[in-house]
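Following: one structure in structure tokens, then a few remarks.
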Amino acid sequence: MDTIERYTPALAREWDDFIGRSRNGTFLLRRGYMDYHSDRFVDCSWVVRRRGGIRAVLPANIDSSGVLHSHQGLTYGGWIMPTGHVDGAELLEIFGQAIEVWRAEGIRELDYKPIPDIYASAPAQEDRYALFRLGATMSGCGLSTAVPLADGPRLNQMQRRHLRNAADLDWSISEAENVDAFMNLLSECLMDRHGVRPVHSSAELQLLRDRFPENIRIFLLTLKGETRADAGVCMFDTGIVAHAQYIATTARGRELNLLTPLFVRLMSDIFATRRWFDFGISTEDNGLVLNVGLLRQKFSYGGSGVIYPRYSLLL
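If you count the sequence shown from 1, position 162 lands on 162 in the numbering used here, and the numbers rise without skipping.
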């Protein structure tokens, strides 16, 4: 039998070591990333052991109503599994044992966001089967767009035209060490176009970038003679997936379609060895609203659909 224990900070190094050896963990699930917003979320992560070694972990937080979320501060969570030794039958047993523990803790519901399939180094969908067996319902479904990078971007006619037009301009692409210039660009872009602010503050993103400099990288496209960039992207690189976490442009950048040469450089050069380039979801309200224009813009780079599912399980 496995033992199931609640995570404590004393387990941070062991937790991170396991994430690094898992088949579906990413740097977002390391404690240095998860804990940066510990003041906003009450951590309620779980560790499964057998004979002392970790078998699986569940990044999670709990709210005041007794709902266990995996995880409200992260894009995804779910059970993180080792490269071998845990199959569908075993994960179903782990789920069953965990539910008994959670009920005893007064937890009444599980809000579960599994890691999208493209982020795993090997298939890791045993949790979806277990959720089906346990009677979970799908409570949300985001739709993202990902480009397979084995053959580089596959631009449609519109994007090829944008790329040709950009070739007549004199621009350069640089990588930024400090996040301030990009965050100023992003904040203005989001406020002008959507009336919202970025999820991360400039200080938070700088903190995370300093903790994960190989994973969080910012690229800016600047026209010759200008001191300020007209397009920028903050990339979250897992080693398997290069994910465009934040995208920003000025009005001029949008008019000149400067995201096209920037994305082409990222896909065909800087992140060419990754399996996937993930543009992120084009949905709102747990997937009930689809931004068709945004979806088709991402599709124009040669991408296709990846779902970000969400499940609810009453305990």
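Here a beta-carbon is modelled for each residue, glycine too, at the ideal position from N, C-alpha and C.
- In the structure shown, E284 falls within a strand segment according to DSSP collapsed to helix, strand and coil.
- Sixteen is the threshold: when 16 or more other Cβ atoms of the shown chains lie within 10 Å of the Cβ of R274, as they do, the residue is buried.
- For C189, the three-state secondary structure derived from DSSP is helix.
- For the set M1, A176, D63, G303, the Cα lying nearest the Cα of D278 is the one of G303.
- Nearest in C-alpha terms to M158, of all of K298, L207, A248, is K298.
- The shortest CA-to-CA distance from Y33 to any of A124, G73, A122, G239 is the one to G73.
- Rounded to the nearest angstrom, the Cβ distance from G25 to I80 is 5 angstroms, consistent with a contact under 8 angstroms.
- Between the C-alpha atoms of A231 and I115 there is a straight-line separation of about 29 angstroms.
- The C-beta of S144 has 16 or more other C-beta atoms within 10 Å across all chains shown, which makes the residue buried.
- Per DSSP, the continuous alpha helix (DSSP H) segment holding E126 begins and ends at 126-134.
- For P82, there is no enclosing beta strand (DSSP E), as DSSP marks it with neither H nor E.
- Judged by DSSP in its simplified three-state form, M183 adopts helix.
- R40 is not a Cβ neighbour of D2, given a cutoff of 8 angstroms.
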